[in-house]
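Each number in my numbering corresponds to the 1-based position in the sequence shown with 2 added. Report on the following structure.
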Amino acid sequence: MQNVYTDTRVLDRAAVSRFGLTEDILMENAACALEAEIICALQKNDRYDKECRVLVAAGGGDNGGDGWALARRLNGRTGAGFSCSVAVLEVFPPKSQACMRQAERARSAGVPVIRNFSRTDFIKGRHIIVDCIFGSGFHGPLSDKIEKLIAALNKADCFKIACDVPSGIDSKGCGTTAFCADITVCMGALKTALFSDFAKNHTGKIITAPLGIPSSLFESGEKSGKNAEVAEPAQISAAAEPVAPAAFGSEIPAAFLLEASDMRLPERFLPSVHKGDFGHAAVYTGEKPGAGIIAACAAFRCGAGLVSLVPVAGQSAPAVKAGQNALPPYTIPPYLMQSSVLPEKASAVAAGMGFGRNDAQGAAERAAELFAVLNEKRKLACVLDADLFYHADIKHLLKARPSGLVLTPHPKEFQSLLLLCGLGSVSIGQIAENRLELVKDFCSAYPGAVLLLKGANMTIGYCPKKGGKQKGGKAELYINTFGMPCLAKGGSGDVLAGLVCAFLAQKYEPLNAAIQGSLLLAASSRLQKSSYASTPFTLIQSLEKPEKLKKTLEG
């Protein structure tokens, strides 16, 4: 996992004050990192067989200073079969002292400067564009002039690199128009702005570049490298001791970025085992039983020893025929059991998929019955999904027994959940703009519960219950960026619920079950042959390829 911060400018200041790294040194290291990515791109692409024409779009602040320093370093550089010519597009005149110094040095080194961009002919023929207009402190909106410029830069058929954060993305990860990068070189430490749903269409591959000291020292601000006084990263696990708040005037929401090394497949290593060792997952069905069947199939494929469907009274379906590949609607494969009530030895439950909302016939009664069972069996781990987030009684369940619950809403369902729980009436747009803060607020209101908010970047939140070593525990946030567009289909969320339920049945802690379920779904999405033709069952089928699942997140 990697630490993610809301604002790293305070870390820059700490690096200057505690390690004697001047602003010029920081900028030189930033320019060096950008230069390295450009050289790497040149070496990998044979289209740059002679001269590579680079355009650096520079603003007036320190981000612009990085661009001026890059232009000075790169202009006239030659390598194995290529040479670089660089021009700086002065989008704004240098304003910060550091930017002014770098601009003067670049001009003295003979770097050509473009100041008039009312016409954008100068973009034509460029092989690489580097965006250094705005930094991580940008607050919109963009002027019409800059918006048109960024749109013109985006249309260019060339390789694009963003310095720190693509211009047009604000500190919350939102915007209307933003630079579309192939690579974003994030300086010093990762920023939360890079991991919003809006940002995902603009960042490309995200790389973290050190600024003269190792990341551990940069993030801690301590010469000893011990726990931070400067920044407040999220905690690795519920058992970890909370880090003391940063010495800031306001709180900085922080998170962990999940990596390939965080995925732990439910592999079996002991030779003498039986199905009871791997738990019994019970999946409730409802008005649309197909959703529950998808979740149950995913749970079985994910290693649960037994999986039972608990259908609405009188609901049944024919067994699948031998050798049949695709499952017809509401067909129950023979490896799934059925029970009219919750099996006595169930070790985890999944419910809500296709359950029916309040206005559906009998849905309110089914939900009340389910909540009563879960309230009685408070040690039974459970995944709640989909339609259950529209039933008012969920608030009482969360208050009575938050521990062991994993909630997996998409933004529209999260909107309803926040309203029912008295945590505010927010729009879908506000959820997109304040995703991390709202997940954090929800988890702080219900310590012990785990929330997995679905989206282009899945966000997982958890707040340890108060008491013991976790007095006043803070909400922890985890971000999963691995998911692919093929997941934007009905049934993907049902697969996720089944995966999380399987991990819970196998005695994974709820937070870890949510993390592992999200990573496994994302890994499966990366193995799909098409961005549009996948189905829930092709996602499930990919679960049988453990080596490919591991490698696809590393690529």
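Quick reminder that beta carbons are idealized off the backbone N, C-alpha and C, glycines included. From a predicted model like this one, the values you see are computed outputs, not experimental measurements.
Check: Beta-carbon proximity list for Tyr607, same chain, < 6 Å, skipping 5 on both sides; Outcome: Because the chain in this structure spans residues 3 to 557, residue 607 falls outside the shown range and cannot be described.
Check: Within 8 Å, strictly: CB atoms of Gly564 and Asp199; Outcome: Any property of residue 564 remains undetermined from this structure, which presents the chain solely from 3 to 557.
Check: Spatially closest choice to Ser222 from Ala16, Val452, Ser85, by CA coordinates; Outcome: Ala16
Check: Candidates Cys188, His282, Val58, Phe484, of which the one nearest Ala350 by Cα; Outcome: His282
Check: Inter-residue Cα distance where the pair is Cys160 and Ala154; Outcome: 12 Å
Check: Paired residues, beta bridge with Ser87 - DSSP; Outcome: Arg55
Check: Residue burial classification, Lys52 (beta-carbon count within 10 angstroms, cutoff 16); Outcome: exposed
Check: Cβ-based burial, Ala241 [other Cβ within 10 Å; buried from 16]; Outcome: Unreliable placement is indicated for Ala241, whose pLDDT of 31 sits below 50; the coordinate value is still reported in the next sentence. Its Cβ having fewer than 16 others within 10 Å, Ala241 is exposed.
Check: Whether Leu555 touches Ala301 by CB criterion (8 Å); Outcome: no
Check: Residue of Pro345, Val56, Gly63 minimising C-alpha distance to Arg79; Outcome: Val56
Check: Three or more C-beta pairs below 8 Å linking the stretch 394–406 and the stretch 426–436; Outcome: no
Check: Cβ neighbours of Gly127 in the same chain (closer than 8 Å, five flanking residues each side left out); Outcome: Arg55
Check: Simplified DSSP state of Cys188, which is helix, strand or coil; Outcome: strand
Check: From Lys202, Gly177, Ala297, residue whose alpha carbon lies closest to that of Pro487; Outcome: Lys202
Check: Buried versus exposed, by CB contacts within 10 Å (16 or more), Phe197; Outcome: buried
Check: Touch test, the stretch 9–28 against the stretch 264–280, Cβ-Cβ under 8 Å, three pairs minimum; Outcome: no
Check: Delimiting residues of the beta strand (DSSP E) encompassing Leu454; Outcome: 452–455
Check: Whole-angstrom C-beta distance between Ala499 and Ala352, which should lie under 8 Å; Outcome: 5 Å
Check: Reference Leu513; option with closest CA among Thr461, Glu269, Ile433; Outcome: Thr461
Check: Residues of its chain near Gly493, where Cβ-Cβ distance is below 6 Å and the 5 sequence neighbours each way are ignored; Outcome: Ile296, Pro538
Check: Stretch-stretch touch, CB-based, cutoff 8 Å, three pairs: the stretch 185–197 with the stretch 209–222; Outcome: yes
Check: Those residues which DSSP pairs with Thr210 across a bridge; Outcome: Cys188
Check: Segment limits, beta strand (DSSP E) that includes Leu376; Outcome: Run containing Leu376: none in the beta strand (DSSP E); it sits in the alpha helix (DSSP H), 365–378.
Check: Alpha-carbon to alpha-carbon, Lys397 and Met265; Outcome: 32 Å
Check: Straight-line Cα distance separating Ala477 from Met102; Outcome: 41 Å
Check: Supposed contact pair Ser341 and Val312 - C-beta distance, whole angstroms, cut 8 Å; Outcome: 5 Å
Check: Asp496 burial status per 10 Å Cβ neighbour count (16 or more: buried); Outcome: buried
Check: CB of Met355 within 8 Å of CB of Ala293, strictly; Outcome: yes
Check: Gly288 and Phe220 closer than 8 Å at C-beta; Outcome: no
Check: Val6 versus Asn436: straight-line alpha-carbon distance, rounded; Outcome: 16 Å
Check: Sheet register partners of Gln340 (DSSP bridge); Outcome: Leu311
Check: Contained beta strand (DSSP E) runs [length at least 3] in the stretch 73–154, N- to C-terminal order; Outcome: 84–92, 130–134
Check: Buried versus exposed call for His141 [16 or more other C-beta atoms within 10 Å across all chains shown]; Outcome: exposed
Check: Whole-Å CB distance - Ile135 paired with Ala60, under 8 Å assumed; Outcome: 7 Å
Check: CA-to-CA distance, Ile148 to Ala284, given in whole angstroms; Outcome: 55 Å
Check: N- and C-terminal bounds of the alpha helix (DSSP H) containing Glu269; Outcome: First-last for Glu269: undefined, no H or E at that position.
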